[in-house]
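All remarks here apply to the structure that follows.
Chains as they are written, first to last, in this note's numbering: chain A, 163 to 252; chain B, 30 to 248.
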């Protein structure tokens with residue numbers, strides 16, 4: 163019984179660390195979305211008339227760039243709230 | 030902390046979750062709005078004064094039509110009703126967090142269902158415009174051995190669509206409830222503007238926008 167508890171504690175601790183590491187992936191979308199916004203601002207500066215179209219395109223590109231960050235968020239959430247590894251112990 | 034979806038009640042042994050109940054409420058609101066608007070426009074004579082409600086309805090429908098027309102071109106007439114329904118439902122669903130509901134879009138079942146409908150629509154459009162032979166041939170382009178990559182690319186569409194919406198809404202919900210545990214008053218209130226209103230409207234817009242872009246490019 164004691165060994166079981168220890169094993170559970172190790173899995174839980176490792177899952178928490180894993181969730182934290184998974185969220186490092188948030189770096190990528192941050193940089194990507196920032197670059198999209200920078201070029202969007204530049205484009206609006208050059209062509210203020212086309213700002214509607216530019217904003218739409220920028221948001222679309224940012225949404226696609228966000229995908230990897232969302233995947234890591236989903237993995238972190240699974241590790242924290244619906245841990246599949248803890249079920250393997252019992 | 031519990032972010033699991035609670036079961037509201039059992040309907041003859043089948044669990045009915047909070048998500049389903051909230052979806053019904055949103056559906057009821059949308060249907061009531063649609064029926065009221067439709068009655069207004071079918072009973073009124075063309076020269077009649079439409080009133081505030083009529084003008085509002087006209088503005089919403091006209092805005093949607095123009096938005097869809099600018100992205101889809103001449104296909105807007107065929108797909109407009111679906112896209113408008115999708116957008117209005119997702120908008121209400123995302124904003125329902127403001128009045129204390131658990132947003133139905135914070136449940137993967139809802140978002141995956143919508144992404145599946147969009148996926149079938151995309152594949153159906155491609156099948157119709159390319160024909161059966163052309164449709165299957167398009168998986169072997171530009172080179173024969175890229176077939177697995179094309180299959181994965183097609184299947185990634187509904188997954189990324191659904192996870193994007195789900196992750197954004199659930200992430201916002203979790204951050205807000207964590208904040209409520211640390212500082213229960215004053216500070217969390219303005220953050221609802223970002224996490225519920227801005228993020229909710231933006232994600233509803235992006236889901237419909239991506240659906241439109243995928244349908245247009247499938248044709």
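Cβ atoms here follow ideal geometry from the backbone N, Cα and C, with glycine treated the same way.
In this text the structure is predicted, and so the values were computed from the model without any measurement.
Rank B:34, B:33, B:245 and B:37 by C-alpha distance to the C-alpha of residue 157 (chain B) and give the top, closest one. Numbered from its first residue, the second chain carries residue 157 (chain B) at position 128. Answer by Cα proximity: B:245.
Check whether the Cβ atoms of residue 143 (chain B) and residue 236 (chain B) lie closer than 9 Å to each other. Translated into the one-based positions of the second chain, residue 143 (chain B) becomes position 114. Translated into the one-based positions of the second chain, residue 236 (chain B) becomes position 207. Yes; because the gap between Cβ atoms is below 9 Å, this pair is in contact.
Just the C-alpha distance for residue 183 (chain A) and residue 239 (chain A), rounded to the nearest angstrom, thanks. Here the question's residue 183 (chain A) lines up with position 21 in the first chain. Here the question's residue 239 (chain A) lines up with position 77 in the first chain. Roughly 12 Å separates the two Cα atoms.
May I ask which residues mark the beginning and end of the alpha helix (DSSP H) holding residue 70 (chain B)? For the purposes of this step, residue 70 (chain B) is identified with residue 41 of the second chain, where counting begins at 1. Its alpha helix (DSSP H) spans residues 47 to 72.
Put residue 43 (chain B) into one of helix, strand or coil per three-state DSSP. On the second chain, residue 43 (chain B) is found 14 positions in, with the first residue counted as 1. DSSP places residue 43 (chain B) in strand when its eight states are reduced to three.
Alpha helix (DSSP H) runs contained entirely in the segment 216 to 243 of chain B, provided each spans 4 or more residues: 217 to 221
Does the separation of the CB atoms of residue 222 (chain A) and residue 238 (chain B) fall below 9 Å? In the first chain, residue 222 (chain A) corresponds to position 60, counting from 1. In the second chain, residue 238 (chain B) corresponds to position 209, counting from 1. Their beta carbons are under 9 Å apart, which means residue 222 (chain A) touches residue 238 (chain B) by this criterion.
Residues of chain A with CB closer than 9 Å to the CB of residue 239 (chain B), please, in chain order. Start at 1 with the first residue of the second chain, and residue 239 (chain B) comes out as number 210. Near residue 239 (chain B) (Cβ distances below 9 Å), the residues of chain A are 222, 225 and 226.
Answer yes or no: does any C-beta atom of chain A fall closer than 9 Å to that of residue 235 (chain B)? On the second chain, position 206 is the one that residue 235 (chain B) refers to. True, the Cβ-Cβ gap to chain A drops below 9 Å.
Partners in chain B for residue 235 (chain A), counting only beta-carbon separations shorter than 7 Å: Position 73 of the first chain, counted from the first residue, corresponds to residue 235 (chain A). Under a criterion of Cβ atoms nearer than 7 Å, the residues of chain B adjacent to residue 235 (chain A) are, in order, 196 and 200.
Residue 37 (chain B), DSSP secondary structure in three states: One-based indexing of the second chain puts residue 37 (chain B) at position 8. Three-state DSSP puts residue 37 (chain B) in a strand.
Comparing alpha-carbon positions, which option in B:100, B:93, B:102 and B:127 lies nearest residue 113 (chain B)? Translated into the one-based positions of the second chain, residue 113 (chain B) becomes position 84. Comparing Cα-Cα distances from residue 113 (chain B) to each of B:100, B:93, B:102 and B:127, the minimum goes to B:93.
Check for me: the alpha helix (DSSP H) holding residue 100 (chain B) runs from which residue to which? For the purposes of this step, residue 100 (chain B) is taken as residue 71 along the second chain, with counting starting at 1. Counting along the chain, the alpha helix (DSSP H) containing residue 100 (chain B) begins and ends at 80 to 101.
Leaving out the 5 sequence neighbours to the left and right, which residues in its chain are closer than 6 Å to residue 141 (chain B) when beta-carbon positions are compared? Along the second chain, one-based indexing puts residue 141 (chain B) at 112. Hits under 6 Å: 191.
Do the segment 194 to 203 of chain B and the segment 227 to 237 of chain A make contact, defined as three or more Cβ pairs closer than 8 Å? yes
The alpha helix (DSSP H) that contains residue 191 (chain A), what's its start and end? Walking along the first chain from the start, residue 191 (chain A) turns up at place 29. Element bounds for residue 191 (chain A): 189 to 208.
Determine the direct distance from the alpha carbon of residue 176 (chain A) to that of residue 165 (chain A), and round the result to whole angstroms. Within the first chain, numbered from 1, the residue matching residue 165 (chain A) stands at position 3. Within the first chain, numbered from 1, the residue matching residue 176 (chain A) stands at position 14. If you take the alpha carbons of residue 165 (chain A) and residue 176 (chain A), they lie about 16 Å apart.
Specify the secondary structure class of residue 116 (chain B) as computed by DSSP and reduced to three states. Your numbering for residue 116 (chain B) matches position 87 in the second chain. For residue 116 (chain B), the three-state secondary structure derived from DSSP is helix.
Rounded separation between residue 220 (chain B) and residue 201 (chain B) - CA only: The count along the second chain starts at 1 and reaches residue 220 (chain B) at position 191. The count along the second chain starts at 1 and reaches residue 201 (chain B) at position 172. Cα-Cα distance, rounded: 10 Å.
Whole-number beta carbon distance between residue 96 (chain B) and residue 243 (chain A), since they are thought to touch under 8 Å: Residue numbering aside, residue 243 (chain A) sits at position 81 when the first chain is read from its first letter. Residue numbering aside, residue 96 (chain B) sits at position 67 when the second chain is read from its first letter. Contact doesn't hold; Cβ gap of about 36 Å is too wide.
How many whole angstroms separate the CB atoms of residue 233 (chain B) and residue 148 (chain B), which I take to be in contact at a CB cut-off of 8 Å? The residue given as residue 233 (chain B) occupies position 204 in the second chain. The residue given as residue 148 (chain B) occupies position 119 in the second chain. Not a contact, Cβ separation roughly 18 Å.
Limits of the alpha helix (DSSP H) - the one that residue 249 (chain A) falls within: Counting from 1 along the first chain, the entry for residue 249 (chain A) is found at position 87. Residue 249 (chain A) -> alpha helix (DSSP H) spans 247 to 251.
Contact check, residue 123 (chain B) vs residue 132 (chain B) under 8 Å by CB: the rounded distance? In the second chain, residue 123 (chain B) corresponds to position 94, counting from 1. In the second chain, residue 132 (chain B) corresponds to position 103, counting from 1. Their Cβ separation, rounded to whole angstroms, is 6 Å, which keeps residue 123 (chain B) and residue 132 (chain B) in contact under 8 Å.
Would residue 47 (chain B) count as contacting chain A if we go by Cβ distances under 9 Å? Within the second chain, the letter at position 18 stands for residue 47 (chain B). So no, residue 47 (chain B) is outside the interface.
Entirely enclosed alpha helix (DSSP H) segments - the segment 114 to 190 of chain B, minimum 4 residues: DSSP runs (the alpha helix (DSSP H)) wholly in the segment 114 to 190 of chain B: 137 to 166.
Nearest-angstrom Cα distance between residue 12 (chain B) and residue 84 (chain B)? Residue 12 (chain B) is absent from the structure shown; chain B starts at 30 and stops at 248.
Close-in-space but distant-in-sequence residues of the same chain around residue 204 (chain B) (CB under 7 Å, 5 per side omitted): What you label residue 204 (chain B) is simply residue 175 of the second chain in a count that begins at 1. Cβ within range, chain order: 224.
Once DSSP output is grouped into helix, strand and coil, what is the label at residue 145 (chain A)? Only positions 163 to 252 of chain A appear in this structure, which leaves residue 145 (chain A) out of reach.
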